[in-house]
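To start, the structure under review is shown below, and the notes come after it.
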Amino acid sequence: MEALVELVDIHKSFGGVRAVEGVNLNLYPGEVVAVLGHNGAGKSTLMKMLAGAYPIDSGETRIGGAKVHIRTPAEAQAHGIETIYQTLALADNLDAVANLFLGREKLTPWRTLDDHFMEVQARRVFSRLNKNFTNIRTPVRRLSGGQRQVVAISRAIYFNARILVMDEPCAALGPEETRMVGDLVRQLKAEGVGIFLISHDMPDVFALSDRLAVMKNGRMVGTYRTADVTEDEVLGMIIGGRQPPGKEQAFRPV
Amino acid sequence: MTGLLQGLRQSSVDWRLVLMGVVLAAMSVVFHVMSGGIFLGPENLYNIAQQTAVVGIVSTVMVLVIVARHIDLSVGSTMGFVGVLIAYLQYSAGWSWQASCLAGLAVALLVSVYQGGLTAVLGVPSFVVTLGGLMSFRGAAFLVADGKTQPVSDDFFVNLGGGYDGAIGVGPSWVLGGVLSALLVARMVLRRRARRQHAMEPEPLWLDALLTGGAIALVLGFVAVMSAYRISSKTEAQGIPVPVLIWGVVAAGLSFLVHRTRFGRYVFAIGGNPDAAALVGIPVRRVTLLLFALLGVLITVAAIVSVARLNAGTNSLGSGMELYVIAAAVIGGTALSGGSGSILGSVLGALIMQSLDSGMLLLDVPIGKRMVIIGQVLIVAVVFDVLYRRYIQES
Chain W
1 MEALVELVDI
11 HKSFGGVRAV
21 EGVNLNLYPG
31 EVVAVLGHNG
41 AGKSTLMKML
51 AGAYPIDSGE
61 TRIGGAKVHI
71 RTPAEAQAHG
81 IETIYQTLAL
91 ADNLDAVANL
101 FLGREKLTPW
111 RTLDDHFMEV
121 QARRVFSRLN
131 KNFTNIRTPV
141 RRLSGGQRQV
151 VAISRAIYFN
161 ARILVMDEPC
171 AALGPEETRM
181 VGDLVRQLKA
191 EGVGIFLISH
201 DMPDVFALSD
211 RLAVMKNGRM
221 VGTYRTADVT
231 EDEVLGMIIG
241 GRQPPGKEQA
251 FRPV
Chain R
1001 MTGLLQGLRQ
1011 SSVDWRLVLM
1021 GVVLAAMSVV
1031 FHVMSGGIFL
1041 GPENLYNIAQ
1051 QTAVVGIVST
1061 VMVLVIVARH
1071 IDLSVGSTMG
1081 FVGVLIAYLQ
1091 YSAGWSWQAS
1101 CLAGLAVALL
1111 VSVYQGGLTA
1121 VLGVPSFVVT
1131 LGGLMSFRGA
1141 AFLVADGKTQ
1151 PVSDDFFVNL
1161 GGGYDGAIGV
1171 GPSWVLGGVL
1181 SALLVARMVL
1191 RRRARRQHAM
1201 EPEPLWLDAL
1211 LTGGAIALVL
1221 GFVAVMSAYR
1231 ISSKTEAQGI
1241 PVPVLIWGVV
1251 AAGLSFLVHR
1261 TRFGRYVFAI
1271 GGNPDAAALV
1281 GIPVRRVTLL
1291 LFALLGVLIT
1301 VAAIVSVARL
1311 NAGTNSLGSG
1321 MELYVIAAAV
1331 IGGTALSGGS
1341 GSILGSVLGA
1351 LIMQSLDSGM
1361 LLLDVPIGKR
1371 MVIIGQVLIV
1381 AVVFDVLYRR
1391 YIQES
């Protein structure tokens, strides 16, 4: 099986600060890889480079084995990479339909917005995640945290992500909605989507991920099968940057 | 009754615009009574409409600039610069009006892309860039013709500014009114049909009919008033003044941009959340540059109208106009924090300001008091805006 994503020797600095240094990471189809680390460990920066939000200083990105240069979010989207940001990246003054299609509006043959088409499609994808979500024409600032999350997640589903980056997808959610996200992750996995999951929540990580990669101070501490390590060992990697003794790293899925 | 109220509340009616319309109407009635029946007469309404056009034209696009979290303080100076240039090329250089207007457009685009470029590409705050522009381009307006007034005389050009022969006449006005009414009905019918085709419930018929009927009544009422005004030395009545026609076309065009095109949606998205706009792949710089270019185009249009109206280009053309333009946008409900505003609101905002000014002029209120009052009205509008947004939980 070929890797969906390979990040090879990635470097990134902001001014004099080395945010990401020589990081290697890969992702296979139908796999969930959790990316862990303290705030400022470089995990969000790494994922933002994959999403085209930051340019890569040096290193190589391969998608499906082919070398690619991702310079903008639009180019990332063209490679089937969708990102659900922790901030959700919603325009609060626009409604849920407009946000779902933001940047990728469906146009009529006269190059005007095809609002009716977009509303019907949006209704369908939202209801897949939350049956009770009907106020899709009010500005998203007036929606609940869970509904806003549904809008952000719907982007990834509607545009058929092959590679999904989820940055703290459950941070703002109640138990019901967290379960919904968990179900969705398992469903997408079954469809062969590869998922990078950034999370601080250990139960989530252990419940959802196949492998986990821990970063500290911009470097990769190690990549392991989730089933091979314990929560304490993971915390040791996050806090101390120590590789658990006697455990073998996993650079491929099982 | 409660069903009616609920229908109204859930509908897509913009209540704030309705309220502004009510304020404008109430103010007009008060002025009408106090002026002894002059204010709502055809002559006064004709003049107000014509006088508001220049500020109104620039206000429509200022709404979008503010929505995108920018500002342009240099609009008055740039308009003065471009206006004098157009007049200079016709009077002193002997160019045709078409050629001089195209040259004016080119210069306006250069100015706005320069300022927009500094803002969009380098990220210099537009407030600072255009504050410099406010000064520089007023100076440039002086330099073009050494401060000398440049008269213009081409008949067609002068009529673009309204005035004696600057209206389209009664017959064409009614034809235009009829066509517009037909378009409004067609729009309503098409929209209802499209919603049904997509298996969505359209708005209640009575509400759609009421809104469309109201809009048609406004259009036809406006045509009737403009057609009732006859300059005493002429045999024919005036009809719609050309500057108002231009303003109407501009406002309709920009509304179309806002509601029906990607560009309009991106401007609002950038204003609502610039980071999110960039993260979802919106070309923020390009949209910002385009927006400033659009501003340049409309500044040229406004410059042409105002030079034609004065029959001359002077170096003080458009002095202080930026304040009226921004005030019209703000009174019209555009939030200075970005992300919200409407073109129709700016039209109402500009009309409210001009009506207030004209009304007080009719009542012989001295200039000092007029300025004090108009300034405070702007503050009232912003206070209302803050409270309204808090009420509907926007902030």
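Residue numbers (the numbering used here), protein chains in the order written: chain W, 1 to 254; chain R, 1001 to 1395.
By construction, the Cβ of each residue, glycine as well, lies at the ideal position given by its N, Cα and C atoms.
Listed by position along chain W, the residues whose Cβ is nearer than 9 Å to that of Gly1083 of chain R form an empty set, because the closest Cβ is around 33 Å away.
Shown here for Asp95 of chain W: same chain residues with a beta carbon closer than 8 Å to its own, the five before and five after excluded, namely Ile136, Arg137, Thr138, Pro139 and Val140 in chain order. At a cut-off of 8 Å between beta-carbon atoms, Asp167 of chain W makes no contact with chain R. One finds Asn93 in chain W with Cβ atoms closer than 8 Å to the Cβ of Ser1340 of chain R, taken in chain order. For the C-beta of Ile1282 of chain R, the chain W residues within less than 8 Å are, from N- to C-terminus, Leu102 and Gly103.
Look at the segment 66 to 81 of chain W: the residues with a C-beta under 7 Å from a C-beta of chain R are Thr72, Pro73, Ala74 and Gln77. Within its own chain, the residues whose Cβ lies closer than 7 Å to the Cβ of Leu1245 of chain R, once the five positions on either side in sequence are excluded, are Ile1168, listed in chain order.
At a C-beta separation below 8 Å, Ala89 of chain W has these neighbours in chain R: Asn1273, Asp1275, Ala1276, Leu1279 and Val1280.
The Cβ-Cβ distance between Ala1053 of chain R and Pro1243 of chain R falls below 8 Å. Boundaries for Thr1261 of chain R: no alpha helix (DSSP H) harbours it, and the DSSP string shows neither H nor E there. Distance between Phe117 of chain W and His1198 of chain R, taken at the CA atoms: about 7 Å. When DSSP reads this structure, Ser13 of chain W sits in a beta bridge with W:Arg18.
For a Cβ distance threshold of 7 Å, residue set Arg1260 and Thr1261 of chain R lies close to Thr112 of chain W, ordered along the chain. Taking the Cα of Ala122 of chain W as reference, the smallest distance to any Cα among W:Trp110, W:His38 and W:Glu105 is reached at W:Glu105. The C-beta separation of Gly1177 of chain R from Val1219 of chain R comes to about 5 Å, placing the pair in contact by the 8 Å criterion. Exclusion of the five residues before and after Asp57 of chain W leaves His11, Lys12 and Ser13 as the residues of its chain whose Cβ lies within less than 7 Å of its Cβ. In the DSSP assignment, Gln1238 of chain R is bridged to no other residue. Excluding residues up to 5 positions away in sequence, Val1223, Met1226, Ser1227, Gly1239 and Ile1240 lie with their Cβ nearer than 7 Å to the Cβ of Ser1173 of chain R in the same chain. DSSP places Tyr1229 of chain R in the coil class of the three-state scheme, outside both helix and strand.
Interface annotation, His1070 of chain R: not in contact with chain W, CB-CB separation never under 8 Å. It is roughly 25 Å from the alpha-carbon of Ile238 of chain W to the alpha-carbon of Ala53 of chain W.
With a 10 Å radius around the Cβ and a threshold of 16 neighbouring Cβ atoms, His69 of chain W comes out exposed. Gly1345 of chain R and Ser1233 of chain R have their alpha carbons spaced roughly 36 Å apart. Apart from sequence neighbours up to five positions away, the residues of its chain that approach Leu1351 of chain R with a beta-carbon distance below 7 Å are Leu1024 and Thr1052, ordered along the chain. At least one CB of chain R lies nearer than 8 Å to the CB of Ala53 of chain W. For Tyr85 of chain W, the residues of chain R that pass the 7 Å Cβ criterion are Leu1279, in the order they occur in the chain. Contact between the segment 155 to 174 of chain W and the segment 78 to 94 of chain W is present, with at least three C-beta pairs closer than 8 Å. A straight-line Cα-Cα distance of about 33 Å links Pro29 of chain W and Ser144 of chain W. Here Ser1358 of chain R is buried: its Cβ has 16 or more other Cβ atoms, across all protein chains shown, within 10 Å. Neighbourhood of Met1200 of chain R in chain W, by CB distance below 8 Å: His116, Glu119 and Val120, in chain order.
Taken through DSSP and simplified to helix, strand or coil, Glu6 of chain W comes out as strand.
Contact between the segment 1181 to 1194 of chain R and the segment 1330 to 1341 of chain R is absent: fewer than three C-beta pairs spanning the two stretches fall below 8 Å. Rounded to whole angstroms, the gap between the alpha carbons of Leu1064 of chain R and Ala1106 of chain R is 21 Å. What Ala1141 of chain R touches in chain W, judged by beta-carbon distance under 8 Å, is nothing: the nearest beta carbon there is about 37 Å away. For Ala171 of chain W, no chain R residue has a C-beta closer than 9 Å to its own C-beta; the minimum C-beta separation is roughly 17 Å. Ala34 of chain W is bridged by DSSP to W:Leu197 and W:Leu212.
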